[in-house]
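Report on one structure; see the data block that follows.
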């Protein structure tokens, strides 16, 4: 069923508010009159709502109702889906998710809600917008588990096995207060998560390989690890030489991280 679309342009700016308000009153009166006569309801669209950007935008009238048989919105969605296409390499040692390549032994951010059963600290701070917020959990990618054929791998079916690294605030508020914000603790705890749980990449280096931190704010996603934490015993001790922890590469890693491409070992 064809639909007639009447595109109206209205002036924008504070000096036109009164005129636009009067035009809206005329439209409302017309709608009420049609309703009383039992006629079909006329609908209109004032603007484009883009939830990903959290804003309203003017309608793209230059690509609407062209009669070309193609939908510009569909093409935009198609391009977006191709841009964020999920792929796994043939050796199952790396994959591309949201334009970022992840390889086995890489360090990743995971949403803290994936570990919601862990210790919840006492809220001794004042109420505000940060109440209940936690930093991303840090994990190391150990294995990529793809679904068996014939099902095609995607981010909602492919799983990753990860090793959990703990932050000082995961242990106690007192530990978080006196520790380096860049320090994390190795553990033997492993989890199997869906790829869609990944929030981004980070690095875990030797402390000696970290850049100097003179500023109060840290912009690099870099951490160091020197201790082993056992969440079952609640013990924290120096990392044993028997544990062969594979650190992130120190040279060139920060550049590849910022560009979201290239591999890190």
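Residue numbers (the working numbering): 415 to 679. A virtual CB, placed ideally from N, CA and C, is assigned to each residue, including glycine.
- prompt: How would you call residue 493, buried or exposed, if buried means at least 16 neighbouring beta carbons within 10 angstroms?
  reply: exposed
task: Tell me the start and end of each unbroken beta strand (DSSP E) in the region 493-537 that is at least 3 residues and wholly inside, in chain order.
output: 508-511, 514-517, 521-524
message: For residue 458, count the other beta carbons within 10 Å of its own beta carbon; 16 or more makes it buried, fewer makes it exposed. Which is it?
response: exposed
- prompt: What residues are listed by DSSP as bridge partners for residue 429?
  reply: According to DSSP, residue 429 bridges with nothing at all.
- prompt: Which term fits residue 591, buried or exposed, when burial requires 16 or more other beta carbons within 10 angstroms of its beta carbon?
  reply: exposed
query: Looking at the structure shown, is residue 584 part of a helix, part of a strand, or coil, going by DSSP?
result: helix
- prompt: Is residue 516 closer than 8 Å to residue 554 when the C-beta atoms are compared?
  reply: no
- prompt: Does any CB atom of chain E fall closer than 8 Å to the CB of residue 464?
  reply: Of the chains in the structure shown, none is chain E; there is only one protein chain.
message: Distance check for residue 598 and residue 655, CA to CA, integer angstroms please.
response: 17 Å
- prompt: If we count the other Cβ atoms within 10 Å of its Cβ and call it buried at 16 or more, is residue 474 buried or exposed?
  reply: exposed
task: Give me the Cα-Cα distance between residue 526 and residue 465, rounded to the nearest whole angstrom.
output: 24 Å
task: Measure the CB-CB distance between residue 524 and residue 550 and report whether it falls below 8 Å.
output: yes
- request: State the Cα-Cα distance for the pair residue 623 and residue 635, rounded to the nearest angstrom.
  value: 13 Å
message: Determine whether the beta carbon atoms of residue 603 and residue 574 lie at a separation below 8 Å.
response: no
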